[in-house]
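To start, the structure itself, in structure tokens.
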Amino acid sequence: MALPELTVDVLIIGGGPAGLMAAEELSRSGFSVTVCDAMPTFGRKFLLAGKSGLNITHSEEYTLFRTRFGSASPRLAHALDAFQPQHVRDWAAALGTETFVGTSGRVFPTVMKASPLLRAWLKRLEEAHVGFLPRHRMTGIKPGCAEFETPEGPKLIRAKAILLALGGASWPRLGSDGAWVPLLEQLGVPQAPLLPANCGFDAAWSPVFKERYAGAPVKSVSILSAAGPSQGEFVITGHGVEGSLIYAHAEALREEWLRTGKAHLRLDLSPGRTEAQIRSALQKQSKSQSLSNRLRKIGLSPVKIALLREVSGADALHTPEGTAALIKNLTVPLERPRPIAEAISTAGGIRWDALDDAYMLRALPGLFAAGEMIDWEAPTGGYLLTACFATGRAAARGIAEWLG
1 MALPELTVDV
11 LIIGGGPAGL
21 MAAEELSRSG
31 FSVTVCDAMP
41 TFGRKFLLAG
51 KSGLNITHSE
61 EYTLFRTRFG
71 SASPRLAHAL
81 DAFQPQHVRD
91 WAAALGTETF
101 VGTSGRVFPT
111 VMKASPLLRA
121 WLKRLEEAHV
131 GFLPRHRMTG
141 IKPGCAEFET
151 PEGPKLIRAK
161 AILLALGGAS
171 WPRLGSDGAW
181 VPLLEQLGVP
191 QAPLLPANCG
201 FDAAWSPVFK
211 ERYAGAPVKS
221 VSILSAAGPS
231 QGEFVITGHG
241 VEGSLIYAHA
251 EALREEWLRT
261 GKAHLRLDLS
271 PGRTEAQIRS
281 ALQKQSKSQS
291 LSNRLRKIGL
301 SPVKIALLRE
311 VSGADALHTP
321 EGTAALIKNL
331 TVPLERPRPI
341 AEAISTAGGI
351 RWDALDDAYM
361 LRALPGLFAA
371 GEMIDWEAPT
381 GGYLLTACFA
391 TGRAAARGIA
401 EWLG
């Protein structure tokens with residue numbers, strides 16, 4: 001029996017930021033656009049990301065902003081140049097959402113929520129006659145058509161052009177489950193393995209340390225990795241470490257783990273002082289005091305003291321010289337990244353050499369890709385969302401040119 005069919009100009013599979021931005025750009029150009037998503041509603045990951053304050057972009061100097069995407073920066077440059085952070089803020093303002101710059105340089109909606117922006121965006125797309133098909137899970141894809149499992153049964157949708165904007169494999173309960181990987185493998189599309197990005201890491205904490213300090217923030221520390229030094233804070237967890245400072249170094253830590261089977265978190269527990277200053281302060285204290293008291297008096301918090309003991313062992317802290325050296329350069333062994341389902345974002349995906357400059361798959365004319373399913377990654381701070389917007393818009397322009 002033939003499957004029920006629908007025919008449109010452009011089919012967008014994936015209703016996240018990249019897919020919705022592409023739909024907006026294409027509908028503005030006069031194309032008939034339909035957006036499908038496996039979930040009951042659209043923009044679910046976008047909505048949850050903004051639950052505690054949607055970090056929509058970053059205010060830093062754009063010449064620096066465009067370098068935050070690692071080895072993918074040159075390939076993303078054209079899309080980002082055409083939709084820079086200020087353009088993101090202007091776009092949000094046109095939807096009734098004003099933004100402000102936080103103390104970290106990150107940009108947030110003044111209402112600190114994603115829902116008003118998403119509602120206004122979807123309303124504007126509906127008014128532009130964009131079609132929305134929820135609960136449509138892609139089960140097959142090739143140039144010109146895609147198959148879906150729907151509440152009414154299997155369905156075939158034909159289109160002159162198809163954009164894949166299915167996200168990575170983090171937060172699978174919101175729809176980004178990486179189920180597209182084997183479907184594209186069957187078509188011979190070159191892909192890099194999907195890996196966790198902006199993620200926590202496991203550490204082999206002792207039961208006592210884990211019980212006492214899981215959930216404790218480690219503040220005012222510096223981390224040194226292949227990404228360079230940076231200062232901030234992270235959190236001790238029952239399984240290891242997580243938090244914004246860890247995420248900033250997650251790529252370097254993950255790559256070390258991939259190369260060697262282990263990773264090392266290199267900490268400076270007192271970034272405001274030199275090793276000589278710490279050593280001198282310890283030498284001036286009475287040896288009759290406990291080590292914990294001496295460390296507390298030089299400014300170390302209880303969790304830093306416990307971490308120092310946990311990692312180095314008591315024997316390494318007998319002398320001011322050895323203690324000062326460890327405070328300034330404490331190496332915490334990490335066992336592995338946390339599972340990809342827990343990660344904020346995903347590395348890997350469709351390789352750049354599989355795409356042309358218009359975001360079309362070279363071997364499959366009429367089939368395009370955008371967003372996180374392409375092989376790039378970025379730190380948190382608005383970079384991820386801005387690049388999803390920008391690649392969705394760039395792919396839409398590529399589709400319009402190809403159809404034009």
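Counting from 1, one number per residue, gives the positions in the sequence shown under the UniProt record's numbering. Where is the CB? At the ideal position from N, CA and C, for every residue including glycine.
The C-alpha of Arg68 is placed about 10 Å away from the C-alpha of Leu384. Distance from the Cα of Gly398 is smallest, within the candidate group Glu152, Ser29 and Gly15, for Ser29. In the DSSP assignment, Glu310 falls within the unbroken alpha helix (DSSP H) covering Pro302 to Ser312. Membership of Gln186 in the alpha helix (DSSP H) is indicated by the continuous run Trp180 to Gln186.
Counting only the Cα atoms, Ile162 lies some 26 Å from His87. Excluding the 5 residues flanking it on each side, Leu11 has same chain C-beta neighbours closer than 6 Å at Thr34, Ile157, Ala159 and Ile162, in chain order. In its chain, beyond the 5 residues on either side, Ser225, Ala226 and Ala227 have a beta carbon closer than 7 Å to the beta carbon of Ala252. In the structure shown, Cys388 adopts helical secondary structure according to DSSP, grouped into three states.
Taking 9 Å as the cut-off, the beta carbon of Thr139 is found no closer than this to the beta carbon of Glu152. Rounded to the nearest whole angstrom, the C-alpha separation of Pro320 and Thr237 is 29 Å. Using a 10 angstroms sphere on the CB of Gly381, the tally of other CB atoms reaches 16 or more, which defines it as buried. Between the stretch 96-106 and the stretch 41-61 there are three or more C-beta pairs closer than 8 Å, enough to call the two in contact. For His249, same chain residues with a beta-carbon under 6 Å away, outside a window of 5 residues either side, are Ile223, Ser225 and Ala227 in chain order.
Minimum Cα-Cα distance from Thr331 among the listed residues Thr260, Lys123 and Arg266 corresponds to Arg266. DSSP places Gln86 inside the alpha helix (DSSP H), whose first and last residues are Pro85 to Ala94.
Closest in alpha carbon position to His78, among Glu372, Met373, Asp357 and Asp375, is Asp357. Per DSSP, Ala248 is one residue of the alpha helix (DSSP H) stretching across Ser244 to Ala248. Three or more beta-carbon pairs separated by less than 8 Å are not found between the stretch 202-216 and the stretch 164-175, which leaves the two stretches without contact. Taking a cut-off of 8 Å on C-beta distances, the stretch 307-314 touches the stretch 326-341, as three or more cross pairs fall below it. Distance from the CA atom of Phe234 to the CA atom of Gln191, rounded to whole angstroms, is 32 Å. Apart from sequence neighbours up to five positions away, the residues of its chain that approach Leu367 with a beta-carbon distance below 6 Å are Pro143, Ile162 and Leu361, ordered along the chain. In the displayed model, Gly322 falls within a helix according to three-state DSSP. If you compare the alpha carbons of Leu174, Asp90 and Pro85 with that of Arg106, the shortest gap goes to Pro85. Rounded to the nearest angstrom, the gap between the Cα atoms of Ala92 and Trp402 is 28 Å. The stretch 12-23 makes contact with the stretch 31-48: 3 or more CB pairs, one atom from each, lie closer than 8 Å. Leu317 and Glu256 have their C-alpha atoms roughly 28 Å apart. The beta-carbon distance between Lys304 and Leu269, rounded to whole angstroms, is 5 Å. This is short enough to meet the 8 Å contact definition. Under the DSSP definition of a beta bridge, Asp268 partners with Ser222.
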